[in-house]
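Student: I'd like to ask some things about the structure below.
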Amino acid sequence: LATYGELGRSALPGHGCKIEFLTPTGIRPGNQLVPVMNPAEYFAGYLRKWERFSGIRLVHVTTERIHQQISLTRTYNLHLHNIRVFGQNGQGLTGMLEVSVAGSSEFRREIAVLAKYASYCGSGARTAAGLGQTHIESR
């Protein structure tokens, strides 16, 4: 386990990462869970959770910059799963996304903070129900 401050201090800027979804993962636009392969959507979610719970401001990362400077470069072993959570049907994604991160070293370091945080907060919707368990390997 780590504190928010420890996550922030230990992150080093990288040029990408591999996001592994260990349990079905998706976002919820409306009431249905849908799989999404756009890594920027997940990093925007990590940022929202970080801002809500950490009390530590990331100065160089914004949702707009995330969508401009994070891109999908490759996928591995992606599988769709039909799931039912809290009485709602949907689909989730397992497998791995390889991601490229552009931008300044400050931006990339703060993205690395969010990547470390993802293992704690999970990816996408319904993480409290066990969806979106995530492991990220920075490179």
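Here the sequence shown is numbered in this note's numbering, starting from 7 and rising by one per residue.
Cβ coordinates follow ideal geometry from the N, Cα and C atoms, glycine included.
Since this is a predicted model, take the numbers as computed values, not measurements.
Taking 7 Å as the limit between beta carbons, can you name the residues of its chain near Ile69, skipping five residues before and five after?
Tutor: Residue identity differs from the one stated: residue 69 is Thr in this sequence, not Ile. Excluding residues within five positions, the ones whose Cβ falls inside 7 Å are Ala50, Leu53.
Student: Less than 7 Å separating the beta-carbons of Glu47 and Ile25?
Tutor: Result no, Cβ atoms of Glu47 and Ile25 do not sit closer than 7 Å.
Student: What is the DSSP secondary structure of His73, reduced to helix, strand or coil?
Tutor: Correct three-state label for His73: helix.
Student: How is Ile62 classed by DSSP in three states: helix, strand or coil?
Tutor: Correct three-state label for Ile62: coil.
Student: Return helix, strand or coil for Arg34, following the three-state DSSP convention.
Tutor: Arg34: coil per DSSP, three-state reduction.
Student: Could you give the distance in angstroms between the alpha-carbon of Val107 and the alpha-carbon of His141?
Tutor: The alpha-carbon atoms of Val107 and His141 are separated by roughly 17 Å.
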